[in-house]
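A.B. asks: Please read through the structure below; I'll follow up with questions.
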Amino acid sequence: MSNPVGQAVLWLNDPLNWTNPGGVLDRLGEHLGMSAAAVLLGCLVAWPVGLWLGHTGRGGGLVVLVSNVTLAIPTLALLTILPLTFLGFGRPAVVVALAVFAVPPLLANAYTGVRQTDPEARDAARGMGLSGGQVLRRVELPLAVPYLAAGFRTAAVQVVATAALASFVNGGGLGQIIRAGFGLDIAAGGGQIIAGGLLVAGLAMLVELVLALVERLVTPRPLRPARRRANRRAADAVAGS
Numbered sequence: 001m002s003n004p005v006g007q008a009v010l011w012l013n014d015p016l017n018w019t020n021p022g023g024v025l026d027r028l029g030e031h032l033g034m035s036a037a038a039v040l041l042g043c044l045v046a047w048p049v050g051l052w053l054g055h056t057g058r059g060g061g062l063v064v065l066v067s068n069v070t071l072a073i074p075t076l077a078l079l080t081i082l083p084l085t086f087l088g089f090g091r092p093a094v095v096v097a098l099a100v101f102a103v104p105p106l107l108a109n110a111y112t113g114v115r116q117t118d119p120e121a122r123d124a125a126r127g128m129g130l131s132g133g134q135v136l137r138r139v140e141l142p143l144a145v146p147y148l149a150a151g152f153r154t155a156a157v158q159v160v161a162t163a164a165l166a167s168f169v170n171g172g173g174l175g176q177i178i179r180a181g182f183g184l185d186i187a188a189g190g191g192q193i194i195a196g197g198l199l200v201a202g203l204a205m206l207v208e209l210v211l212a213l214v215e216r217l218v219t220p221r222p223l224r225p226a227r228r229r230a231n232r233r234a235a236d237a238v239a240g241s
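Numbering (full-length UniProt numbering), first residue to last: 1 to 241.
The structure is reproduced here in structure tokens:
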């Protein structure tokens with residue numbers, strides 16, 4: 001097979017490309033590790049802020065502003081700027097840059113999830129003498145779980161797909177396979193470039209499918225139509241200005 005697609009098939013079917021040091025399995029572990037760390041960092045930042053702003057009923061404009069600002073910053077720009085700070089080149093700078101990219105869907109869905117709580121359920125909880133923090137923990141947060149799952153799913157897929165850029169700053173991951181292919185002449189490296197792209201795309205689709213199932217499992221059946229409508233509104237808020 002002399003065409004690039006045929007070369008990609010041959011490359012993917014070579015066991016040594018999977019098991020050798022720096023092969024697919026090593027790069028896959030790096031890719032998943034830094035993606036998971038970035039999404040976790042994004043959750044630690046975005047979820048508390050989104051939940052609290054949703055609970056207080058304030059800061060809707062702030063959510064939109066933060067989401068728009070973070071979406072407006074190119075991830076590649078962050079990947080080139082952050083290594084010049086104390087983070088240096090390598091995995092820490094990549095994780096922080098990807099975490100910034102994960103914040104908008106996590107923040108918007110956390111805020112929307114709490115705001116979508118049935119006001120009667122909230123009032124009943126307060127009538128039972130629950131404090132504001134208890135209402136958030138016992139009523140609003142459980143009902144917001146499907147929205148949190150939806151934001152997590154969106155953020156995870158975006159981060160996994162974007163993490164291929166980590167190779168530009170010595171961050172590793174599956175993007176390293178693509179970069180190595182570009183280091184060869186196009187006749188020799190075209191198949192490897194396509195193979196690397198297929199691996200990144202396949203991993204993103206797998207993450208999407210798995211997390212879509214998880215999102216469905218944590219969403220009670222009666223809430224599914226309402227959650228889909230609220231997710232669309234959250235996406236519109238993030239994309240709007």
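Beta carbons: idealized from backbone N, C-alpha and C, even for Gly.
Measure the C-alpha to C-alpha separation of GLY33 and LEU143 and round it to an integer number of angstroms.
C.D. replies: Rounded to whole angstroms, GLY33 to LEU143 spans 30 Å at the Cα level.
A.B. asks: Report yes or no: do three or more beta-carbon pairs, one from the segment 107–125 and one from the segment 73–89, lie closer than 8 Å?
C.D. replies: Taking 8 Å as the limit for Cβ pairs, the verdict is that the segment 73–89 does not touch the segment 107–125.
A.B. asks: Could you spell out the range, first to last residue, of the alpha helix (DSSP H) harbouring ASP26?
C.D. replies: Unbroken alpha helix (DSSP H) run through ASP26: 24–56.
A.B. asks: When DSSP labels each residue in this structure, what does LEU174 get in the three-state scheme?
C.D. replies: Three-state DSSP puts LEU174 in coil, outside helix and strand.
A.B. asks: Shortest alpha-carbon distance to ALA156 belongs to which of LEU65, GLY61, LEU203, LEU51?
C.D. replies: For the residues LEU65, GLY61, LEU203, LEU51, the minimum Cα distance to ALA156 belongs to LEU203.
A.B. asks: Measure the Cβ-Cβ separation of GLY196 and GLY181 and say whether it is below 8 Å.
C.D. replies: Yes, the pair counts as a contact, with Cβ atoms nearer than the cut-off.
A.B. asks: Can you tell me whether THR70 is helix, strand or coil according to DSSP?
C.D. replies: Reduced to three states, the DSSP call for THR70 is helix.
A.B. asks: Three-state secondary structure (DSSP) at MET128?
C.D. replies: Three-state DSSP puts MET128 in coil, outside helix and strand.
A.B. asks: Using only alpha-carbon positions, find the residue among LEU79, VAL69, THR56, ALA36 that is nearest to ALA110.
C.D. replies: Nearest C-alpha to ALA110: THR56.
A.B. asks: Between which two residues does the alpha helix (DSSP H) carrying LEU10 extend?
C.D. replies: Run containing LEU10: 4–12, per the alpha helix (DSSP H) assignment.
A.B. asks: Return the chain-ordered list of same chain residues with a C-beta closer than 7 Å to the C-beta of residue 280, the five sequence neighbours on each side being excluded.
C.D. replies: With the chain running from 1 to 241 in the structure shown, residue 280 is simply not present.
A.B. asks: Where does residue 245 land, buried or exposed, given buried means 16+ other C-beta within 10 angstroms?
C.D. replies: The shown model of the chain, from 1 to 241, leaves out residue 245, and the question about it has no answer.
A.B. asks: State yes or no: is the C-beta of SER35 within less than 8 Å of the C-beta of VAL160?
C.D. replies: In contact: SER35 and VAL160 (Cβ atoms closer than 8 Å).
A.B. asks: Note down, in chain order, each residue of its chain lying with its Cβ closer than 6 Å to the Cβ of LEU25, except the 5 sequence neighbours on either side.
C.D. replies: TRP18.
A.B. asks: Can you tell me where the alpha helix (DSSP H) holding GLY113 begins and where it ends?
C.D. replies: Its alpha helix (DSSP H) spans residues 91–115.
A.B. asks: Taking the C-alpha atoms as reference points, what is the distance between LEU217 and GLN116?
C.D. replies: Cα to Cα, the separation comes out at about 19 Å.
A.B. asks: To the nearest angstrom, report how far apart PRO48 and GLU140 are at their CA atoms.
C.D. replies: Near 13 Å, if we compare the C-alpha coordinates of GLU140 and PRO48.
A.B. asks: Does DSSP put GLN168 in a helix, a strand or coil?
C.D. replies: Residue 168 is actually Phe in this sequence, not Gln. It is helical.
A.B. asks: Locate the alpha helix (DSSP H) running through ALA163, then write down its first and last residues.
C.D. replies: Careful: ALA163 lies outside any alpha helix (DSSP H) and carries neither H nor E.
A.B. asks: Pull up the distance between the alpha-carbon of ALA93 and that of GLY54, whole angstroms please.
C.D. replies: Distance between the alpha carbons of ALA93 and GLY54: 30 Å.
A.B. asks: Could you tell me the distance, in whole angstroms, from the CA atom of THR162 to the CA atom of VAL169?
C.D. replies: Approximately 13 Å between the Cα atoms of the pair.
A.B. asks: Only counting the same chain, and skipping five residues up and downstream in sequence, which positions put a Cβ closer than 6 Å to that of HIS31?
C.D. replies: Taken in chain order, the residues that qualify are ALA163, GLY173, LEU174.
A.B. asks: Under DSSP, the alpha helix (DSSP H) around PRO220 begins and ends at which residues?
C.D. replies: Where PRO220 is concerned, there is no enclosing alpha helix (DSSP H), given that its DSSP letter is neither H nor E.
A.B. asks: Can you tell which of CYS43, GLN192, ASP14, LEU28 has the C-alpha that lies nearest to the C-alpha of TYR147?
C.D. replies: Nearest C-alpha to TYR147: CYS43.
A.B. asks: Which stretch, first to last residue, makes up the alpha helix (DSSP H) that contains THR85?
C.D. replies: Element bounds for THR85: n/a, residue is neither H nor E.
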